[in-house]
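Down below is the structure, laid out as C-alpha cells.
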Amino acid sequence: MLGTGACRVGGNASVCGLAFGSRREEFGAPRSVAICAAGRGSVASTPPLRGRSTAPPLPPRASRKGASAPRRREEAEEEEDLYEEEDESAASADDDEDFDFDPEHASPRLFLDSADVGEWERWQGTGLICGVTTNPTILRRDGVRCNLSSLAELADRALELGIPELQLQAWGPTPEALARCAAQLQELGLHVVVKLPCTEAGLAAAAQLAEEGAAFTLTGAYAAEQAVVAAAAGASYLAPYLGRMDDADGRGMEALVAMRDALEWFPEPRPELLVASVRSAAQVAALAAGGFGTMTLAPRVLEELCSQPLTEAAAAQFEADAAANA
Numbered sequence: 026m027l028g029t030g031a032c033r034v035g036g037n038a039s040v041c042g043l044a045f046g047s048r049r050e051e052f053g054a055p056r057s058v059a060i061c062a063a064g065r066g067s068v069a070s071t072p073p074l075r076g077r078s079t080a081p082p083l084p085p086r087a088s089r090k091g092a093s094a095p096r097r098r099e100e101a102e103e104e105e106d107l108y109e110e111e112d113e114s115a116a117s118a119d120d121d122e123d124f125d126f127d128p129e130h131a132s133p134r135l136f137l138d139s140a141d142v143g144e145w146e147r148w149q150g151t152g153l154i155c156g157v158t159t160n161p162t163i164l165r166r167d168g169v170r171c172n173l174s175s176l177a178e179l180a181d182r183a184l185e186l187g188i189p190e191l192q193l194q195a196w197g198p199t200p201e202a203l204a205r206c207a208a209q210l211q212e213l214g215l216h217v218v219v220k221l222p223c224t225e226a227g228l229a230a231a232a233q234l235a236e237e238g239a240a241f242t243l244t245g246a247y248a249a250e251q252a253v254v255a256a257a258a259g260a261s262y263l264a265p266y267l268g269r270m271d272d273a274d275g276r277g278m279e280a281l282v283a284m285r286d287a288l289e290w291f292p293e294p295r296p297e298l299l300v301a302s303v304r305s306a307a308q309v310a311a312l313a314a315g316g317f318g319t320m321t322l323a324p325r326v327l328e329e330l331c332s333q334p335l336t337e338a339a340a341a342q343f344e345a346d347a348a349a350n351a
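Counting in the numbering used here, the sequence shown runs from 26 upward without gaps.
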C-alpha cells in the first residue's frame, strides 16, 4: 500500500504531504493529515502534522517589534552621511525578514465537496484538488448511504484514485454514539480526516482523537469565538460556512477575518480555516484576495472556475487556426 510522505513541487511553488493507508491496523506509524497544494513530485518521509496554515501571513503588527525600528532611525541620524545609505539598506532587509513571507504557504488548497466518485475522478484528473470533503447531507444528495460500510468503500476508492485526503463526518444521536462513530471512521485509513460538529458533544469526541494525535476538523463554524475553541481542542481545521453566514447577516467575510485574527497569535500548530459553503467563482476570487486559500468547493463551482466563455472562445480559435494551417 501507499505510505506517508511529503512532496515538494517546483522548488517553492507548492507542498504536498500525503498520508495514505487502507486500514489503520495495517500501519504501525502514527496518523498524519495530508497537507497538499495540488502538486506532484518526489516523496520523502514527514512527521505527522496536526494542521498548518497555508494562507499568506498577515503583515506584522507594531507590537511585535516594539520601538526597534524608530531606534535604528535615531541612531542613523547620528551617523555620518557616508553610512546613511548602508543603514537604510539594513533596515529594509530587517523589514523583509520580519514579514517572513513563504511562497509555499501562498498556494491555494482546493477541496472537492462531493460524495460522487465520478466527480472525484473528473477533478482529480485536473490536478486542481487537494482532497475531498463530505458530510451526511452531501452523502444523501449524491445517493451514498450514510453507514460505515459505504464510507469504507469511499475511503478505498479515494486511495485508488490517489486522493491524499478524505474528510468524513461523524454522526450519532448521543455524545457516546458520536464519539464511537468518530473512532470507527478514524480506522478507515491514514488519509481519512474525521469531521465533527463544533458543539459540546463534538468536542468531547474530538478530545479522544486529539489524545491519539489524529487529525480532525471542527465544522459548522459561524463565529470568531469558535476559532478559539478549535485551537484549544487541537483541531487541524475549522470549517466556517461562508454562504450561510452571508445569508444570516451579509457579513461572512468579516466573520472569516475575525476568525483569522483570533487564531493569529496562537502558536503552531493551530487550526487552518477550511472555508465551506462557497457558492460562486466570484467568492473564490474574493477569498483568495483576502488571504483565505483553503476552501472546499462543489463541482458546479469548480466548473465555473474553469469555464470562462472568452477563454473558451480563444481556445476554439486556436484549434480552428491549427486545423486550417496544418
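Where is the CB? At the ideal position from N, CA and C, for every residue including glycine.
Relative to the alpha-carbon of residue i, which residue among the options has its alpha-carbon at the smallest distance?
i      : options                        : result
ALA239 : ALA229, GLY259, ARG182         : GLY259
GLN149 : LEU176, ARG170, GLU190         : GLU190
VAL142 : SER302, GLU212, GLU178, GLY214 : GLU178
CYS331 : PHE136, PRO133, SER132, LEU153 : LEU153
TRP145 : SER261, ARG165, ILE188         : ILE188
LEU228 : VAL254, MET320, ALA180, GLY275 : VAL254
TRP290 : ALA252, ALA338, GLU185, GLU201 : ALA252
ALA230 : ALA208, PRO294, ALA246, GLY245 : ALA208
MET270 : LEU186, VAL300, ALA351, VAL157 : VAL300
CYS206 : ARG166, VAL169, ARG276, PRO161 : PRO161
GLN192 : ARG165, ASN172, PHE241, THR151 : PHE241
ALA283 : GLU293, ALA349, PRO294, LEU267 : LEU267
THR321 : LEU298, LEU164, ALA340, PHE343 : LEU298
CYS171 : GLN333, GLY197, ASP181, THR151 : GLY197
GLU250 : ALA287, SER261, GLY275, GLU236 : ALA287
Per DSSP, which residues does residue i bridge with? Please list them.
i      : result
GLN194 : LYS220
LEU243 : LEU221, LEU263
GLY301 : The question names Gly, but residue 301 is Ala in the sequence shown. According to DSSP, ALA301 bridges with TYR266.
ALA320 : Looking at the sequence provided, one finds Met at residue 320 rather than Ala. Bridge partners of MET320: LEU135, VAL300.
VAL157 : LEU137, LEU191
Tell me whether the beta-carbon of residue i lies closer than 8 Å to the beta-carbon of residue j.
i      : j      : result
GLY265 : LEU281 : The residue asked about is misnamed: residue 265 is Pro in this sequence, not Gly. Cβ distance < 8 Å, so PRO265 and LEU281 count as in contact.
LEU210 : ALA195 : yes
ALA323 : SER139 : yes
LEU221 : LEU243 : yes
VAL219 : LEU203 : no
LEU263 : ALA246 : yes
LEU312 : VAL303 : yes
Report the rounded CA-to-CA distance for residue i versus residue j, giving the unit in angstroms.
i      : j      : result
GLY316 : CYS223 : 23 Å
CYS155 : HIS216 : 12 Å
PRO133 : SER175 : 30 Å
ALA183 : THR319 : 20 Å
ALA256 : ALA338 : 47 Å
ALA232 : GLU201 : 12 Å
VAL169 : ILE163 : 8 Å
GLY277 : VAL309 : 13 Å
ARG285 : ALA314 : 14 Å
ALA340 : LEU186 : 29 Å
PRO85  : GLU293 : Confidence at PRO85 is low in this model, with a pLDDT of 37, below 50, so its placement is unreliable and the value that follows should be read with caution. Approximately 16 Å, taken between the alpha carbons.
LEU173 : THR199 : 17 Å
ARG166 : ALA348 : 43 Å
PHE343 : THR336 : 11 Å
GLU279 : ALA273 : 13 Å
THR151 : ALA180 : 20 Å
GLY275 : ARG147 : 33 Å
GLU237 : GLU328 : 38 Å
ASP346 : GLN333 : 20 Å
VAL58  : ALA351 : Below a pLDDT of 50, predicted positions are generally treated as unreliable, and VAL58, at 44, falls in that range; no measurement from the model is reported.
Could you round the C-beta distance between residue i and residue j to whole angstroms and report it? I think they count as a contact, below 8 Å.
i      : j      : result
PHE136 : THR158 : 5 Å
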